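Residues 2 to 292 (this note's numbering) make up the sequence shown, in order. Ideal Cβ placement from N, Cα and C applies to all residues, glycine included. Nothing here was measured: the structure is a model prediction, and the numbers come from that model. Have a look at the structure below before the remarks.
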Amino acid sequence: MEVGFLGLGIMGKAMSINLIRSGFKLTVWNRTLSKCDELVELGASIGETPAAVVKKCNYTIAMLSDPSVALSVVFDKDGVLEQICHGKGYIDMSTVGADTSSKISEAITSKGGSFLEAPVSGSKKPAEDGQLVILAAGEKALYDEAIPAFDIMGKKSFFLGQVGNGAKMKLVVNMIMGSMMNAFSEGLVLADRSGLNPHTLLDVLDLGGIANPMFRLKGPTMIQNNYSPAFPLKHQQKDMRLALALGDENAVSMPVAAAANEAFKKARSLGLGDLDFSAVYETVKTLEHSS
Ligand SMILES: NC(=O)C1=CN([C@@H]2O[C@H](COP(=O)(O)OP(=O)(O)OC[C@H]3O[C@@H](n4cnc5c(N)ncnc54)[C@H](OP(=O)(O)O)[C@@H]3O)[C@@H](O)[C@H]2O)C=CC1
Ligand SMILES: O=CCCC(=O)O
């Protein structure tokens, strides 16, 4: 079976490498062509456009930065829609809102294709290790067809029903994560400024009821001011924005998430958008200094 992969960024590269190493026949496309080189060395073919990939493949996976890109790769010239048809599937694993996912789903299914949204929880390392958590929704038959690929990319897949539910679940998770990252940053600053050793704070946190992999992984690098990107901050801010929009639609008041979003926006305005989302710590440090 020939599988397509659109978008070889931090996540797409790791996910597609796992697929090809596990024996999938892959055709890949990326806006910046040079990012296909490593995949080609491993045996992948290149599709010149998203449409060319879809034409060749039974189903095509996308892992793209944000809603506007997810839409453009489907609807623009040489996009997915030009070649999607009965018997072909499209699986968007990017993090987007339910409205974007629904637009894509309607367009794909109106041409006879099948659609699944399948955003993921887990970052660069889980993607490299095939340990993602896959939050799928949409066409159940396509989900069943994609299970062998999901089993390689992830440690657990959920089928959540109708299109939109996967997107919403992902946004709820990332809204919690972004809020936690801000509270964690404030805690690190507070410990430091009140004369405590931040490393000791990490040890204390890790032994208590709020111990978690994110604090364990990001804490030491944040203390070293190392923000090498696993999850780019600009994407975390996009997810906070989309989660807040979901809160608006459902009249859910989210003051904590709104404050976290402001900190991520501030970090973007300081030019930190391409760094890891933990770089919001720099914003918290700066705000503390200026008061
Ligand atoms: N990194 C992470 O930890 C996680 C990320 N996600 C989500 O996965 C998605 C991808 O994330 P990640 O891999 O980190 O992001 P990257 O920024 O590393 O990659 C983004 C991808 O989108 C492509 N792209 C960007 N703009 C355009 C455009 N205008 N036209 C065509 N392609 C474009 C990029 O192509 P090019 O190489 O040419 O720039 C690249 O392939 C996002 O939705 C993110 O929120 C989900 C879980 C974890
Ligand atoms: O969307 C990114 C999620 C990152 C993570 O789950 O660690």
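Between the beta-carbon of residue i and the beta-carbon of residue j, is there less than 9 Å?
i	j	result
residue 125	residue 15	yes
residue 36	residue 48	no
residue 143	residue 92	yes
residue 237	residue 178	yes
residue 63	residue 7	yes
residue 155	residue 102	no
residue 31	residue 13	yes
residue 228	residue 187	no
residue 273	residue 234	yes
residue 182	residue 278	yes
residue 50	residue 90	no
residue 202	residue 189	yes
residue 136	residue 167	yes
residue 151	residue 119	yes
residue 172	residue 247	yes
residue 11	residue 264	no
residue 106	residue 134	no
residue 67	residue 266	no
residue 23	residue 153	yes
residue 94	residue 121	yes
residue 60	residue 129	no
residue 112	residue 82	yes
Can residue i be considered in contact with ligand 2, in the sense that its beta carbon sits closer than 8 Å to one or more heavy atoms?
i	result
residue 123	yes
residue 174	yes
residue 207	no
residue 237	yes
residue 215	yes
residue 1	It is not possible to answer for residue 1, since the shown part of the chain is limited to 2 through 292.
residue 232	yes
residue 277	no
residue 249	no
residue 96	yes
residue 178	yes
residue 353	Because the chain here runs from 2 to 292, residue 353 falls outside it and cannot be looked at.
residue 240	yes
Who pairs with residue i in a beta bridge, going by DSSP?
i	result
residue 158	135
residue 125	In DSSP, residue 125 forms no bridge with anything.
residue 46	28
residue 7	30 and 63
residue 282	BP columns for residue 282 are empty, so no partner.
residue 91	61 and 116
residue 233	277
Can you say whether residue i is buried or exposed, counting buried as having 16 or more other CB atoms within 10 angstroms of its CB?
i	result
residue 96	buried
residue 292	Any answer about residue 292 is weak, because its pLDDT of 49 lies below 50 and its placement is not dependable; what the coordinates show is given next. Classification for residue 292: exposed.
residue 2	exposed
residue 123	buried
residue 285	buried
residue 214	exposed
residue 41	exposed
residue 108	buried
residue 262	buried
residue 225	exposed
residue 139	buried
residue 220	buried
residue 85	buried
residue 55	buried
residue 270	exposed
residue 34	exposed
Is any non-hydrogen atom of ligand 1 found closer than 8 Å to the C-beta of residue i, if you look at the structure I gave you?
i	result
residue 31	yes
residue 167	no
residue 128	yes
residue 131	no
residue 79	no
residue 102	no
residue 9	yes
residue 64	yes
residue 170	no
residue 74	yes
residue 255	no
residue 54	no
Please check if any C-beta of chain E sits within less than 9 Å of the C-beta of residue i.
i	result
residue 56	Absence of chain E from the displayed structure is noted, only one protein chain being present.
Cβ-heavy atom distance between residue i and ligand 4 below 8 Å?
i	result
residue 188	Ligand 4 is not part of this structure, which contains only ligand 1 and ligand 2.
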